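*Asks:* With the working numbering applied, the sequence shown corresponds to residues 115 to 253, in that order.
The structure's right below; bear with me while I get my questions together.
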Amino acid sequence: MKSSVLIFVISLLWVFSLKSQNNVLVAEPKEISNEDSVYIVVEKMPEFPGGVVALRKFIQDNFNFGLIGEMNIQGSIYVRFIVNNSGKVDNAQIVRGVAPLLDDEALRVVNSLPDFKPGTQNGKPVNVWYSVPIHFHLN
């Protein structure tokens, strides 16, 4: 269990480095006044209610895996999004997709995620990039 969580965390960090965007900041100890800034790493990262296991379960329970069988496809979709300073998912986008129909389904599920506990920097809630891989294979 611990090794799978570690692999998930490592894959999250890897995805963070895949694509850079303007106005993305790595948190520094100094105060940053721009409330629209989006951080990559902060003192306290956003938390999904119930943790990473609950996040994976939510995706598994809500993803229409029937599409995979119809398309005879397997692989991984990497989705990144902002957990804003109020905990809502915002600006979801595909970092690496598999097929347009499955990519759209991944975005649908991510956009339906319940609110996170927002990430904080210097004790204040901030916007933070967050990434999730969605893996699937045919049995």
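Each residue gets a CB set at the ideal place from its N, CA and C atoms; glycine is no exception.
Keep in mind the model is a prediction, meaning the values are calculated, not measured.
Once you ignore the five residues that flank Val223 on each side, which residues in its own chain have a CB closer than 7 Å to its CB?
*Replies:* Counted from its first residue, the sequence shown places residue 223 at position 109. Counting only Cβ-Cβ distances below 7 Å, and skipping sequence neighbours, we find Ile173, Asn176 and Phe177.
*Asks:* In or out: Pro214 buried (at least 16 other Cβ within 10 Å) or exposed?
*Replies:* Sequence index remark: in the sequence shown, residue 214 carries index 100 (1-based). By the neighbour-count rule (16 or more Cβ atoms within 10 Å), Pro214 is not buried but exposed.
*Asks:* Per the DSSP calculation, Ile208 is bridged to which residue(s)?
*Replies:* For the purposes of this step, residue 208 is identified with residue 94 of the sequence shown, where counting begins at 1. Answer is Val193.
*Asks:* For the pair the stretch 195-211 and the stretch 224-244, tell me if three or more CB-CB distances fall below 8 Å.
*Replies:* yes
*Asks:* What whole-angstrom Cβ distance do Ile208 and Ile182 have, given they're in contact under 8 Å?
*Replies:* For the purposes of this step, residue 208 is taken as the residue at position 94 of the sequence shown. For the purposes of this step, residue 182 is taken as the residue at position 68 of the sequence shown. In fact, because the Cβ distance is near 16 Å, the residues do not count as touching under 8 Å.
*Asks:* Based on Cα-Cα distance, which residue from Lys231, Ser226, Gln188 and Val203 lies nearest to Ile248?
*Replies:* As a working note, residue 248 is residue 134 in the sequence shown. Ranking the options by Cα distance to Ile248, first place goes to Gln188.
*Asks:* On the CB-based measure, 16 or more other CB atoms within 10 Å of its CB, does Gly233 come out buried or exposed?
*Replies:* The residue you call residue 233 lines up with position 119 of the sequence shown. Label assigned to Gly233: buried.
*Asks:* According to DSSP, simplified to helix, strand and coil, what is Ile187?
*Replies:* Here residue 187 is taken as the residue at index 73 of the sequence shown, counted from 1. It is coil, neither helix nor strand.
*Asks:* Nearest by alpha-carbon distance to Leu221: which of Tyr153, Gly211 and Asp229 is it?
*Replies:* Your numbering for residue 221 matches position 107 in the sequence shown. Checking every option, the nearest Cα to that of Leu221 belongs to Gly211.
*Asks:* Grab the span of the alpha helix (DSSP H) containing Phe162 for me, first residue to last.
*Replies:* On the sequence shown, position 48 is the one that residue 162 refers to. Where Phe162 is concerned, there is no enclosing alpha helix (DSSP H), given that its DSSP letter is neither H nor E.
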